[in-house]
Amino acid sequence: MTNGTLERARARLVEALGAEAVVVETGALDEYASDYTEEAPRRPGLALRPARVEEVQALVRIASEEGLSLTVRVAGSNVGGLAIPPEGGAVVDLRRMNRIVEVNREDMVAVIEPGVTWEQLKAHLLAEKIPLRMGYPLSPPDTSIVANCLLDGLGNLSMRYGAMADWIGGLEVVLPDGSLCRTGAPALSPVWFGRGPLPDLSGLFVCSQGTTGIVTKLGFQLWPEPPHRRRTFILMYDRNGAFRAMRELAQRMICDDVGGLSWPTGKMLFGVDKPGARDPGEPEFFLYLDLSGQSARELELRAEVLGEVLDGLRREGFELEQPLDVPTLVRLNPRFSKFAEFPTRLEFLVDHPGGGLSWVGTYGPLSRFEAYGDRGVAIMERFGFAPILVSRPMKGGHFGVMRFIATFDKQSAEERARVREMSGELVDAGVELGFIPYKTPPWVVERIRSRLDPGFLATLARVRAALDPRGLMAPHCWPVTAPGRQG
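Quick note: the sequence shown uses this note's numbering, first residue 7, plus one each step.
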């Protein structure tokens, strides 16, 4: 886009949205040029801050007519480079669209705009004394619920209820031509209760990273809040024992959540910025588990079954400690309060001195956790990074999350290059074992393209070409070649 064309588009956007909603100042645009990762910065030509769906429709129409690319952003905390726009393009910042449209107590669904955050909806449920709960990711409290759902992320109830795309009760979407579409239940019903039973057009906008349209409302499923809850941690001295425990506990269905964190996270929690080698006498993994019940007796019965599972693991030869509940851990060390309530901000990951954070996150079969864990840890150690692993079963154990995290100095070109090379090897190792990267960064798409089913690629290209023939919606995301255009 030439400067003259950009200026014409800017003038039209100011007329449609108002000057306060069109950002062109260099300093203000800096926040949109990068994220936590090693991805190189790219400066947008302008940023747009709509407050209403009609404004989103107007800006999309103008962008289509002027050939201006659009990249959607909310908090900008994604670690895949997805919200960094192409050089000179426009960012659509949806933070002002932060209305909780309604919370339907009886049908357990909230209708929300993309700027609604985890802490905002939680505060609303508490203030209104609504006895419903949601699952929280480990991302900061001020991040977008809608973004996590559309990227099929996860939360601390995902072991029981599935990844966050499963929680979608319908969508309102501005299509690339500026028209409006509702999918799922709200295409026919006033209650946004689910993605079916109509043809599931919501899938066109899930994991598509903004390439098919801009979601302006989402039905978000909520769940009953049990009156009795307990969060516990278990120190384990063998990584594979932790994976074995996850599978067993997932299939028993006694927990709301089962997850695991490797030893460097504990070191970092206690202020060690760059953990060295693990002492063989230290735990290698710690599991965190959420138990709940409608009565104190139900909770105790679940705790008894947990004890039986742990005793069985000990008989198999795995070394592990007795469970410690969070109040006990907090008394021992107040730093553990970070895990007392979600959502929470893990400063040791997102606010460390180097400022860089990157990860390879995958979904895949629990039966191959040990193999991927072994390969991934070896890769990270070879590149000189402490092996930070986050893992958990999902949807009752039908699949699981394996995520390898690296913190680094963003100012160091050498460290950024080393992180990218390491991440490439982690992606390759996972794909070979049947693990699929989620929230897939563009560079990962390029890396796995040759392995993807040709029919999948061709169909995706046709869908993109039909909805966005000019290729202006997040053109850097999911780069595929469509008939008649380059991607």
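Think of the CB as a built atom: it goes at the ideal place given N, C-alpha and C, for glycine as much as any other residue.
Since the structure is predicted, the reported quantities are computational estimates derived from the model, not experimental observations.
- Query: From this set, L163, Q126, V180 and S150, which residue's C-alpha is nearest S70's C-alpha?
  - Reply: The candidate whose alpha carbon is nearest that of S70 is V180.
- Item | In DSSP terms, what I174 is bridged to | Note: I174 sits in a beta bridge opposite F226.
- Cβ contact check for the stretch 229 to 240 and the stretch 449 to 469: 3 or more pairs under 8 Å: Contact between the stretch 229 to 240 and the stretch 449 to 469 is absent, because fewer than three Cβ pairs lie under 8 Å.
- Helix, strand or coil at A96 [DSSP, three-state]: Judged by DSSP in its simplified three-state form, A96 adopts strand.
- Element boundaries [beta strand (DSSP E), containing I136]: DSSP places I136 in no beta strand (DSSP E); its state is neither H nor E.
- Taking the alpha helix (DSSP H) that W449 falls in, what are its first and last residues? Residue range P448 to I454 is occupied by the alpha helix (DSSP H) that includes W449.
- Query: So L432 packs on F410, CB below 8 Å; how close in whole Å?
  - Reply: A Cβ-Cβ distance of about 5 Å is found for the pair L432 and F410, placing them in contact under the 8 Å criterion.
- Task: Could you name the residues that DSSP lists as bridge partners for W365?
- Result: Beta-bridge pairing links W365 to I411.
- Quick one: using the 10 Å Cβ neighbour count with 16 as the cut-off for buried, is N162 buried or exposed? The residue is buried, with at least 16 neighbouring Cβ atoms inside 10 Å.
- Where F291 falls: helix, strand or coil (DSSP): Residue state, collapsed to three classes: strand.
- Given a threshold of 16 other Cβ atoms within 10 Å of its Cβ, counted over all protein chains shown, does Q300 qualify as buried or as exposed? Result: exposed.
- Task: Would you kindly work out how many angstroms separate the C-alpha atoms of G440 and D380, rounded to a whole number?
- Result: Just so you know, the alpha carbons of G440 and D380 end up roughly 15 Å apart.
- Item | Start-to-end residues for the alpha helix (DSSP H) that takes in L463 | In the DSSP assignment, L463 falls within the unbroken alpha helix (DSSP H) covering P460 to L473.
- Item | T334 in three-state terms, based on DSSP | Helix at T334.
- Separation of F375 from Y38, as counted between CA atoms: Answer to the nearest angstrom: the Cα atoms are 36 Å apart.
- Between the Cα of D41 and those of L458, E306 and P447, spot the shortest distance and give me the residue it belongs to. Comparing alpha carbon positions, the residue from L458, E306 and P447 closest to D41 is P447.
- Message: So, for A488: in the same chain, excluding its five sequence neighbours on each side, which residues have a beta-carbon less than 6 Å away from its beta-carbon?
- Response: Unreliable placement is indicated for A488, whose pLDDT of 46 sits below 50; the coordinate value is still reported in the next sentence. Sequence-distant partners of A488 (beyond 5 residues in either direction) whose C-beta falls short of 6 Å from its own C-beta, in its chain, are A467, R470 and A471.
- Message: Please report whether the beta-carbon of W124 lies at a distance below 8 Å from any beta-carbon of chain D.
- Response: The structure shown contains no chain D; it is built from a single protein chain.
- Query: Which residues in the same chain have their Cβ closer than 7 Å to the Cβ of E276, if we skip the five residues on either side of it in sequence?
  - Reply: The question names Glu, but residue 276 is Phe in the sequence shown. Around F276: R341.
- From Q352 to T8, what does the alpha carbon distance come to, in whole angstroms? Reading the sequence as shown, one finds Leu at residue 352 and not Gln. Approximately 42 Å, taken between the alpha carbons.
- Query: For L326 versus M242, is the C-beta spacing smaller than 8 Å?
  - Reply: Between L326 and M242, the CB-CB gap stays under 8 Å.
- Query: Run through DSSP, which three-state label would C187 get?
  - Reply: Strand at C187.
- Message: So, under 8 Å CB-CB, L186 and L194 are touching, yes? Tell me the CB distance rounded to an integer number of Å.
- Response: Wrong, their Cβ atoms sit about 15 Å apart, outside the cutoff.
- Message: In the DSSP output, which residue or residues are listed as bridge partners for P443?
- Response: Paired residue(s): T368.
- Message: Quick check on S214: does DSSP put it in helix, strand or coil?
- Response: Residue state, collapsed to three classes: coil.
- Note the first and the last residue of the continuous beta strand (DSSP E) segment covering M259. Counting along the chain, no beta strand (DSSP E) covers M259, and no H or E run does either.
- Message: Please classify E507 as buried or exposed, where buried requires at least 16 neighbouring CB atoms within 10 angstroms.
- Response: With the chain covering 7 to 493 only, the question about residue 507 has no answer from this structure.
- Query: If you drop the 5 nearest sequence neighbours on each side, which residues of the same chain put their C-beta closer than 8 Å to that of V122?
  - Reply: Answer for V122: N104, R105, I106, S150, I151 and V152, listed in chain order.
- Message: In this structure, how does DSSP classify R48 when only helix, strand and coil are distinguished?
- Response: Coil, per DSSP.
- Return the Cβ separation of P182 and M400 in integer angstroms, given the expectation that the two are a contact with Cβ distance under 8 Å. Between M400 and P182 the Cβ distance is about 32 Å, and since that is not below 8 Å, they are no contact.
- Excluding the five sequence neighbours on either side, which residues of its own chain have a C-beta within less than 7 Å of the C-beta of S343, listed in chain order? Around S343: V336.
- Task: Return helix, strand or coil for F324, following the three-state DSSP convention.
- Result: The answer is coil: DSSP assigns F324 none of H, G, I, E or B.
- Message: Since Q227 and W173 should fall inside the 8 Å C-beta cutoff, what is the C-beta to C-beta distance between them, to a whole number of angstroms?
- Response: Rounded to the nearest angstrom, the Cβ distance from Q227 to W173 is 4 Å, consistent with a contact under 8 Å.
- Item | Nearest-angstrom Cβ-Cβ length linking G184 and V66, presumed shorter than 8 Å | Right, their Cβ atoms sit about 4 Å apart.
- What do you get for T43, buried or exposed, if any count of 16 or more other CB atoms within 10 angstroms of its CB means buried? Residue environment analysis places T43 among the buried positions, since at least 16 neighbouring C-beta atoms fall within 10 angstroms of its C-beta.
- Under three-state DSSP, which class holds R476? Coil, per DSSP.
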